[in-house]
Amino acid sequence: MVLKTLDVLGPLHGYGVARRIEQISGDLLSVNQGTLYPVLLRLEQEGAVASDWGPSENNRRARFYRLTRVGRKVLKAEKRDWEQTAAIIARFFDVKAKLA
Amino acid sequence: MRGLNRSFKRLFNFTTNRRGDKRLREEIESHIAAQTEENIRAGMGPEEARRHARLKFGAIETVREDYHAEEGLPLFEGLLLDIRYALRVLWKSPAFSLLAIMTIALGVGANTSIFTAVNGVLLKSFSFPEANRLVVVNCVSKSQSDLWVSYPDYLDWRAAQRVFVDLGARFPAGGIIIGVGEPQRVFGRYVTASFFSTLGIQPQIGGFFSEDEDKVGAPRVMVISDSLWRRVFNADPAVIGRAINYNGASWTVVGVLPVNFDFYGRSNENNDLFLPMIGSFGKEHFLYDRGNHPCQVIARLRPGVSEHQAAVEMNTIAARLTAQYPVSNTGVTVDVHSLLRDFVGEESKALLVTSAGAILHKRLLLRRAVRYLFHSWLPDCHF
Numbered sequence: 332m333v334l335k336t337l338d339v340l341g342p343l344h345g346y347g348v349a350r351r352i353e354q355i356s357g358d359l360l361s362v363n364q365g366t367l368y369p370v371l372l373r374l375e376q377e378g379a380v381a382s383d384w385g386p387s388e389n390n391r392r393a394r395f396y397r398l399t400r401v402g403r404k405v406l407k408a409e410k411r412d413w414e415q416t417a418a419i420i421a422r423f424f425d426v427k428a429k430l431a
Numbered sequence: 014m015r016g017l018n019r020s021f022k023r024l025f026n027f028t029t030n031r032r033g034d035k036r037l038r039e040e041i042e043s044h045i046a047a048q049t050e051e052n053i054r055a056g057m058g059p060e061e062a063r064r065h066a067r068l069k070f071g072a073i074e075t076v077r078e079d080y081h082a083e084e085g086l087p088l089f090e091g092l093l094l095d096i097r098y099a100l101r102v103l104w105k106s107p108a109f110s111l112l113a114i115m116t117i118a119l120g121v122g123a124n125t126s127i128f129t130a131v132n133g134v135l136l137k138s139f140s141f142p143e144a145n146r147l148v149v150v151n152c153v154s155k156s157q158s159d160l161w162v163s164y165p166d167y168l169d170w171r172a173a174q175r176v177f178v179d180l181g182a183r184f185p186a187g188g189i190i191i192g193v194g195e196p197q198r199v200f201g202r203y204v205t206a207s208f209f210s211t212l213g214i215q216p217q218i219g220g221f222f223s224e225d226e227d228k229v230g231a232p233r234v235m236v237i238s239d240s241l242w243r244r245v246f247n248a249d250p251a252v253i254g255r256a257i258n259y260n261g262a263s264w265t266v267v268g269v270l271p272v273n274f275d276f277y278g279r280s281n282e283n284n285d286l287f288l289p290m291i292g293s294f295g296k297e298h299f300l301y302d303r304g305n306h307p308c309q310v311i312a313r314l315r316p317g318v319s320e321h322q323a324a325v326e327m328n329t330i331a332a333r334l335t336a337q338y339p340v341s342n343t344g345v346t347v348d349v350h351s352l353l354r355d356f357v358g359e360e361s362k363a364l365l366v367t368s369a370g371a372i373l374h375k376r377l378l379l380r381r382a383v384r385y386l387f388h389s390w391l392p393d394c395h396f
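Chains as they are written, first to last, in the numbering used here: chain A, 332 to 431; chain B, 14 to 396.
This is the structure we're talking about:
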């Protein structure tokens, strides 16, 4: 979700990512926003995102995260994995519906 | 590759003690400020807006801990802290340190001595050359897992098999030696001449009896154990060739077993003396009855032959004997397993279990002792 958000919206600070995830999920996913930061750090260590200080909309210093080339690859792979998983699960539900 | 890259970064952070604490704090501040402003725009008062923003962010301490866990190598960091603390405490109170070290030393010493005892009794004493090739060969029926072996079967096995270097048979003996000091109650075994060569041992002094010396009508000879030699004959080498009155007949001592000879445990009483089996019972009917199973059989595997291969061959022979002698041999199969396993299994399992238990118990006691020490010294220390 973090990667996709950065892919669509471009460089974004942590708060922006958190808001975006909430918006897209229609506030269905409102976990503690703080848990986002360890995830961002992890992604950064894996090289999927890079970060730099920059001015936020209200001229406060904020850390901006952007997707790297590795990150784009990771995103693609994750997307494929997810689609596959979803497709398999969907097939199971399908079978059940036909039986019923 | 991603994982590797990440591990390097974490290791780097750990070794350089690099911390992103400032960065995280700043990020959190800016995050909460942004959320607060948005809350104000949504119509909250400044105080409430900030409170809501904090609530939404979650427990900052937890986030920081998670963040650090991702950052470095938390396990090693904890360990380093512990070691640093331990050294400081030990340095501060040398008397306590000395006591703790002595307690541990005592415990370790006790463990070592128990191990030495087990090692001596169990492992070292089982000192036949290439003992891993020694096996027990036994008859098994559906109702009895330990049938022992009839002498005619033993002879047929020995003649037909190609998996063993040799086999040896035995059965228990016991009686009284008179004429050498006080009368002595002794126990031993009647054995075939191949018993000694199968085990691969050499006498300490004198010799063992050969197959030619183990037949009906041959002069009565005996081989005695090191312990009997010392106990009754004061370790006198002149015992060789001496005639001994055993069970009312005269037997000539021909050899003394090696010091470390240990067949089914050194405390096993049946190791006092070894007498020729055929010389003693060659005229008895029971020895030639296939329905009678008086013998226990050991064998030495040929190099490269496994217990399983030996069992397969022996059962082929057993099947042939069953066809030949259906009355006595129907339902009888052959089991082959290592002598050491048999020995440990039957005689010394208790010893093993006891000693392992003792070591475990010692360790627990030791830990508890050191823990008490710590608690009495450092009441605020919990572990």
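Where is the CB? At the ideal position from N, CA and C, for every residue including glycine. All of these numbers come straight from a predicted model, not from anything done at the bench.
Discussion item. With a threshold of 8 angstroms between beta-carbons, can residue 394 of chain A be considered close to chain B, or not?
Written reply: It does; some Cβ of chain B falls within 8 angstroms.
Whole angstroms is fine: what's the gap from residue 255 of chain B's alpha carbon to residue 210 of chain B's? 24 angstroms
* Return no unless some Cβ of chain A is closer than 8 angstroms to the Cβ of residue 397 of chain B. => In the structure displayed, chain B extends from 14 to 396; residue 397 of chain B sits before or after that span and is not available.
| field | Alpha-carbon spacing of residue 181 of chain B relative to residue 193 of chain B, whole angstroms | value | If you draw a straight line from the Cα of residue 181 of chain B to the Cα of residue 193 of chain B, it comes to about 31 angstroms.
Quick one: what does DSSP say residue 359 of chain B is sitting in, helix, strand or coil?
Low confidence applies to residue 359 of chain B: its pLDDT is 49, below 50, so where it sits in the model is not reliable, and the reading given next is rough at best. In this structure, residue 359 of chain B counts as helix in the three-state DSSP scheme.
**Prompt:** Where are the beta strand (DSSP E) runs, 3 residues long or more, that stay fully inside the region 312 to 361 of chain B, in chain order?
**Reply:** 346 to 351
Checklist line | chain A contact residues for residue 177 of chain B, given Cβ-Cβ distances below 7 angstroms | finding: Result: empty, since nearest Cβ-Cβ is about 59 angstroms, beyond 7 angstroms.
*Any beta-carbon of chain B closer than 8 angstroms to the one on residue 377 of chain A?*
yes
request  = Measure from the C-beta of residue 360 of chain B to each C-beta in chain A and report whether the shortest distance is under 8 angstroms.
outcome  = With a pLDDT of 47 at residue 360 of chain B, under the threshold of 50, the modelled position of this residue cannot be trusted, and the question is left open.
Assigned secondary structure, residue 179 of chain B (DSSP; H/G/I helix, E/B strand, else coil):
strand
ask   = Of all the CB atoms in chain A, is at least one closer than 8 angstroms to the CB of residue 34 of chain B?
value = no
* **residue 275 of chain B versus B:83, B:322 and B:285, residue with shortest Cα-Cα distance** => Among B:83, B:322 and B:285, the Cα nearest to that of residue 275 of chain B belongs to B:285.
Go ahead and pull the three-state DSSP assignment for residue 386 of chain B. helix
ask   = Using 8 angstroms as the limit for Cβ to Cβ distance, is residue 372 of chain A near chain B?
value = yes
Query raised in the report: Within 8 angstroms (strictly less), CB to CB, does residue 336 of chain A reach chain B?
Result: no
### Any chain A beta carbon closer than 8 angstroms to residue 154 of chain B
no
My assumption, with CB atoms under 8 angstroms, is that residue 3 of chain B sits in contact with residue 376 of chain A. Please give the rounded CB distance. Nothing about residue 3 of chain B can be reported from this structure: the residues present for chain B run from 14 to 396 only.
Go ahead and label residue 385 of chain B buried or exposed: buried means 16 or more other beta carbons lie within 10 angstroms of its beta carbon, across all protein chains shown. Residue 385 of chain B comes out exposed.
Using 8 angstroms as the limit for Cβ to Cβ distance, is residue 387 of chain A near chain B? yes
Check your understanding: Around the Cβ of residue 91 of chain B, are there at least 16 other Cβ atoms within 10 angstroms (buried) or fewer (exposed)?
Key -> exposed
Review point. Cβ-heavy atom distance between residue 108 of chain B and the ligand GTP below 7 angstroms?
Key: Judged by which ligands are present, the structure shown has none, so any question about the ligand GTP falls away.
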